[in-house]
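Residue numbers (the numbering used here), protein chains in the order written: chain A, 1 to 572; chain B, 573 to 735.
By construction, the Cβ of each residue, glycine as well, lies at the ideal position given by its N, Cα and C atoms.
Below is one structure, written out as structure tokens; the observations come after it.
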Amino acid sequence: MELLSGADMLIRSLQDEGIEYIYGYPGGAALHIYDALFRQDKVKHILVRHEQAAVHMADGYARATGKPGTVLVTSGPGATNTITGIATAFMDSIPMVVLCGQVASTLIGEDAFQETDMMGVSRPVVKHNLSVRHPEEIPEIIRKAYYIAATGRPGPVVVDIPKDMTTPNERYEYAYPKKVKLRSYNPAIRGHAGQIKKAVDMLLAAKRPIIYAGGGVILGKASDQLTELVRMIGYPITNTIMGIGCYPASDKQHLGWLGMHGTYEANMAMHHSDLILCVGARFDDRVTNATEKFCPGARIIHIDIDPASISKTVDADVPIVGPVDAVLKEMLSLVKEAKEKPDADAIASWWKQIDEWRAFHGMRYETSPDVIKPQEVIEMLCRLTNGEAFVTSDVGQHQMFAAQYYKFDKPNRWINSGGLGTMGFGLPAAMGVKLTHPDDEVLCITGEGSIQMNIQELSTCKQYNLPVKIINLNNQALGMVKQWQDMNYESRHAESYMESLPDFIKLAEAYGHKGVRIEKKEDLETKLKEVLAMKDDLVFVDIYVDRFEHVYPMQVARGSMKDMWLSKTERV
Amino acid sequence: MRRIISVLLENEPGALSRVVGLFSQRNYNIETLTVAPTEDETLSRLTVTTSGSDKVIEQITKQLNKLIEVVKLVDLTEGAHIERELMLVKLKATGSQRAEIKRTVDIFRGQIVDVTSSVYTVQLAGDSEKLDGFIQAVGTSGVLEVVRSGVSGIARGEKVLSL
């Protein structure tokens, strides 16, 4: 047995867990740990400029790779600065371990310098949190933290580490546990066979079925099973904004995504369906609109790893608790074996109806001869990158445009804060992706409001050479706030106008990067091509887009799925 | 509807705060809460009374089950069960009141556990309605202080909540 200090045990545990990167920021309570990091070279530390960004970086890494991200910060402000990032990961079920320094255990509760009750502060936004009470516990706690973060419905786990747990000259026997024992935590490993059978029977008997898939398919690495099942039965599929990429967007069975800014055809098909197969989604209010008016004729099969997600907002007729990949696999084999086949006539007339909705072109925008439309920027980016880029976004109109007009055929490539809606997420998330995907195109689609919430990370990008492309759809206003004010507050634009915008080009240059401004429509394509050719540079692309554009379709507040605005004047 | 949910919880620091936090975070109601270690010192048993629609109660039990430190739980009100709450009451007891209070305590099968020349301290166990009934019977004007333990409960018959 080796004898190691608490700090060395912590870092060794991370090595043994196979952790490649830690994103973090040092400080007093974490200094023993940082010293242990310094004395090894297996785990690489990325120094951010604000702890929130460390968490979003870990989050971007986790979403792109499917592996848990890791953050290391000090106590007090270091820890509290992570909270928005942790809440972001929590809402979107992203696996992550956040290691927080803490004042020495002898000082806890005395309002010591840089003391915060991180266990208490983080409690409502974590899957779990753990506190180290003896250095010997460290390997087991780290093992548990990653196990809990990555299994079942994933989520962030905080580990609080008082400074005296990492004292250099107190050494203990180190062994990394092979297994985790948690009598109270046993995530389902398969769905209930009877329920699955019932679901398949209902699925095959449906006349107007639709598959509604969510982020759980991506988190559960079940895109292949879902795609196979959907293609085999030939039914239409829509997905949530978190589920983008779980099924190829370019496929003819795909209706686009649904909900508040979803496509006309997806929302119409949902509303008129007689059967909804929900896979790894959670009937969020941005999807359902008013729940009492939600899909009145539909029976609902709901597959989810988290029982609490089932019948939370909308009641399920057939609940199936289990990992989506395992459940879909079983459904697939039952569908293959089944004597009954889908009702060909009913399904054909359902598709005829859907194609009519499609032909209505719900998602459209007017182009202008001289003003750049945000939608056309996204469409052009999608074309120029063959739809294969990793795209992170911030939050607001640009996020919706990016999700609507960039067509993703693969999972893990669309990375956004869907649940919490965190402005400032995009750039650090893009950095986390670029770090592990250096040869892939990584775009951060943002707005001049969001980008300024974590703009300091341009400095981190310089230090670690992270040539992401920042696409700033600059409409000189907080676009989504302004849109709501236009629609609901008689265009009283309370605080939604961004005065005194910085010169983003000079700002990018000040951080040692390149900047390109695009103001004229005729320059758009040439300049974007130039930008994408600058493989080794971070380029801040400041694009002046239509200041008056709204995102459509938009569901009418408190209406049903089918009640939508399709333009500023057109309501269905 | 009022429910009694009994929870076996890892006996660890912070576990209780997760349960209590969950209720406030998700806008659920806690009417009473009791918690103490069990015969297995690694476990605490927590009993919470709450109210809500069936949908809300279903969410409460699911969300409680999601907490890593919750080992097992049961909604006692789903079956036959025994519910008990302990109450200690200080009552003004002078003159003719003393005999009257004594009689009422006997009727409710309580005990007078402390006596001074002007005060009786009464101990009473029963379901919450019985305790309410006692207070009503003696009249609130004579009540100096009340302390109630909150509800504990156990299923009737062979059913047990254990690992």
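Proximity winner among the options, relative to residue i (alpha-carbon distances)
{"i": "leucine 696 of chain B", "options": "B:Ile632, B:Arg720 and B:Val715", "result": "B:Arg720"}
{"i": "glutamate 499 of chain A", "options": "A:Gln476, A:Tyr511, A:Ile518 and A:Gly515", "result": "A:Gln476"}
{"i": "aspartate 224 of chain A", "options": "A:Ser122, A:Gly234, A:Val159 and A:Lys329", "result": "A:Lys329"}
{"i": "aspartate 345 of chain A", "options": "A:Thr70, A:Pro307, A:Tyr235 and A:Arg517", "result": "A:Tyr235"}
{"i": "methionine 453 of chain A", "options": "A:Asn81, A:Leu47, A:Glu519 and A:His134", "result": "A:Asn81"}
{"i": "valine 737 of chain B", "options": "B:Lys662, B:Gly586 and B:Val642", "result": "The displayed coordinates of chain B run from 573 to 735. Any statement about residue 737 of chain B would go beyond what the structure contains."}
{"i": "methionine 9 of chain A", "options": "A:Arg143, A:Val481 and A:Tyr25", "result": "A:Arg143"}
{"i": "glutamate 265 of chain A", "options": "A:Ile354, A:Leu334 and A:Glu340", "result": "A:Ile354"}
{"i": "histidine 45 of chain A", "options": "A:Pro26, A:Leu107 and A:His32", "result": "A:Pro26"}
{"i": "threonine 666 of chain B", "options": "B:Ser689, B:Glu641, B:Leu648 and B:Gln635", "result": "B:Ser689"}
{"i": "arginine 517 of chain A", "options": "A:Lys469, A:Tyr497 and A:Ala557", "result": "A:Lys469"}
{"i": "glutamate 655 of chain B", "options": "B:Leu735, B:Met573 and B:Arg728", "result": "B:Arg728"}
{"i": "threonine 621 of chain B", "options": "B:Val628, B:Ser700, B:Ile577 and B:Arg670", "result": "B:Ile577"}
{"i": "alanine 54 of chain A", "options": "A:Gly426, A:Arg571, A:Glu509 and A:Lys163", "result": "A:Gly426"}
Cα-Cα separation, residue i to residue j
{"i": "alanine 326 of chain A", "j": "methionine 96 of chain A", "result": "23 Å"}
{"i": "alanine 429 of chain A", "j": "aspartate 542 of chain A", "result": "19 Å"}
{"i": "alanine 608 of chain B", "j": "glycine 722 of chain B", "result": "12 Å"}
{"i": "alanine 30 of chain A", "j": "glycine 101 of chain A", "result": "5 Å"}
{"i": "glutamine 52 of chain A", "j": "glycine 424 of chain A", "result": "9 Å"}
{"i": "isoleucine 148 of chain A", "j": "serine 105 of chain A", "result": "25 Å"}
{"i": "aspartate 201 of chain A", "j": "isoleucine 310 of chain A", "result": "20 Å"}
{"i": "glutamate 549 of chain A", "j": "phenylalanine 390 of chain A", "result": "25 Å"}
{"i": "glycine 380 of chain A", "j": "isoleucine 218 of chain A", "result": "Per the sequence shown, residue 380 of chain A should be read as methionine rather than glycine. Whole-angstrom Cα-Cα distance: 26 Å."}
{"i": "threonine 569 of chain A", "j": "valine 551 of chain A", "result": "13 Å"}
{"i": "proline 438 of chain A", "j": "alanine 175 of chain A", "result": "34 Å"}
{"i": "methionine 232 of chain A", "j": "lysine 127 of chain A", "result": "36 Å"}
{"i": "glycine 120 of chain A", "j": "valine 71 of chain A", "result": "18 Å"}
{"i": "methionine 487 of chain A", "j": "glycine 559 of chain A", "result": "15 Å"}
{"i": "arginine 286 of chain A", "j": "glutamine 399 of chain A", "result": "14 Å"}
{"i": "alanine 587 of chain B", "j": "leucine 581 of chain B", "result": "7 Å"}
{"i": "histidine 271 of chain A", "j": "methionine 561 of chain A", "result": "6 Å"}
{"i": "aspartate 563 of chain A", "j": "methionine 260 of chain A", "result": "10 Å"}
{"i": "serine 596 of chain B", "j": "isoleucine 632 of chain B", "result": "11 Å"}
{"i": "methionine 659 of chain B", "j": "lysine 702 of chain B", "result": "10 Å"}
{"i": "proline 585 of chain B", "j": "glutamate 441 of chain A", "result": "47 Å"}
{"i": "serine 668 of chain B", "j": "threonine 693 of chain B", "result": "17 Å"}
{"i": "glutamine 485 of chain A", "j": "arginine 492 of chain A", "result": "6 Å"}
{"i": "leucine 229 of chain A", "j": "leucine 332 of chain A", "result": "6 Å"}
{"i": "valine 103 of chain A", "j": "glutamate 140 of chain A", "result": "21 Å"}
{"i": "threonine 288 of chain A", "j": "aspartate 306 of chain A", "result": "19 Å"}
{"i": "alanine 64 of chain A", "j": "asparagine 599 of chain B", "result": "34 Å"}
{"i": "glycine 711 of chain B", "j": "serine 589 of chain B", "result": "36 Å"}
{"i": "threonine 240 of chain A", "j": "threonine 74 of chain A", "result": "36 Å"}
Neighbouring residues, chain B, relative to residue i (Cβ below 7 Å)
{"i": "serine 184 of chain A", "result": "Glu582, Ile640, Glu641, Val642 and Val643"}
{"i": "proline 124 of chain A", "result": "Gly593 and Gln597"}
{"i": "isoleucine 148 of chain A", "result": "Ile640"}
{"i": "methionine 119 of chain A", "result": "Gly586"}
{"i": "histidine 128 of chain A", "result": "Ile640"}
Partner residues on chain A for residue i, Cβ-Cβ distance less than 9 Å
{"i": "arginine 728 of chain B", "result": "Correct list: empty, because the minimum Cβ distance to chain A is about 26 Å."}
Test item: CB-CB of residue i and residue j under 9 Å
{"i": "valine 433 of chain A", "j": "tyrosine 23 of chain A", "result": "no"}
{"i": "glycine 191 of chain A", "j": "phenylalanine 90 of chain A", "result": "no"}
{"i": "asparagine 267 of chain A", "j": "glutamine 483 of chain A", "result": "no"}
{"i": "leucine 524 of chain A", "j": "glutamate 376 of chain A", "result": "yes"}
{"i": "alanine 58 of chain A", "j": "glycine 85 of chain A", "result": "yes"}
{"i": "proline 323 of chain A", "j": "histidine 302 of chain A", "result": "no"}
{"i": "leucine 532 of chain A", "j": "leucine 435 of chain A", "result": "no"}
{"i": "arginine 153 of chain A", "j": "proline 124 of chain A", "result": "no"}
{"i": "glutamine 456 of chain A", "j": "histidine 50 of chain A", "result": "yes"}
{"i": "asparagine 465 of chain A", "j": "tyrosine 544 of chain A", "result": "no"}
Under 7 Å by beta carbon: chain A residues contacting residue i
{"i": "arginine 590 of chain B", "result": "Arg123"}
{"i": "glycine 624 of chain B", "result": "Correct list: empty, because the minimum Cβ distance to chain A is about 13 Å."}
{"i": "glutamine 631 of chain B", "result": "Ala308 and Lys312"}
Contacts of residue i in chain B (Cβ-Cβ under 9 Å)
{"i": "proline 307 of chain A", "result": "Lys634, Asn637 and Lys638"}
Whole beta strand (DSSP E) elements within the segment 666–698 of chain B, 3-residue minimum:
Within the segment 666–698 of chain B, the complete beta strand (DSSP E) runs of at least 3 residues are 683–687 and 691–698.
Taking the runs of the beta strand (DSSP E) that are 3 residues or longer, which of them lie wholly in the segment 172–252 of chain A?
Those beta strand (DSSP E) runs which fall completely within the segment 172–252 of chain A and span 3+ residues are 209–213 and 237–239.
Which runs of the alpha helix (DSSP H) fall wholly inside the segment 310–359 of chain A and span at least 4 residues, in chain order?
With a minimum length of 4 residues, the continuous alpha helix (DSSP H) runs that stay inside the segment 310–359 of chain A are 324–337 and 344–359.
So within the segment 606–675 of chain B, which uninterrupted beta strand (DSSP E) runs reach at least 3 residues, ignoring any that extend past its ends?
Fully enclosed beta strand (DSSP E) runs of 3 or longer: 615–623, 642–647 and 653–664.
Run through the segment 495–551 of chain A for me and flag every whole beta strand (DSSP E) of 3 or more residues, listed as ranges in chain order.
List check, beta strand (DSSP E) in window: 514–518 and 539–544.
Going along the chain, which unbroken runs of the beta strand (DSSP E) with 3 or more residues stay wholly within the segment 7–90 of chain A?
Listed in chain order, they are 21–24, 44–47 and 69–73.
Which parts of the segment 120–181 of chain A are runs of the beta strand (DSSP E), unbroken and 3 residues or longer, counting only runs that do not cross its ends?
Qualifying beta strand (DSSP E) stretches, in chain order: 128–131, 156–162 and 171–174.
Just to confirm the assignment: which complete beta strand (DSSP E) runs, minimum length 3, are found wholly within the segment 361–435 of chain A?
Taking only runs of at least 3 residues, the beta strand (DSSP E) segments lying wholly in the segment 361–435 of chain A are 390–393.
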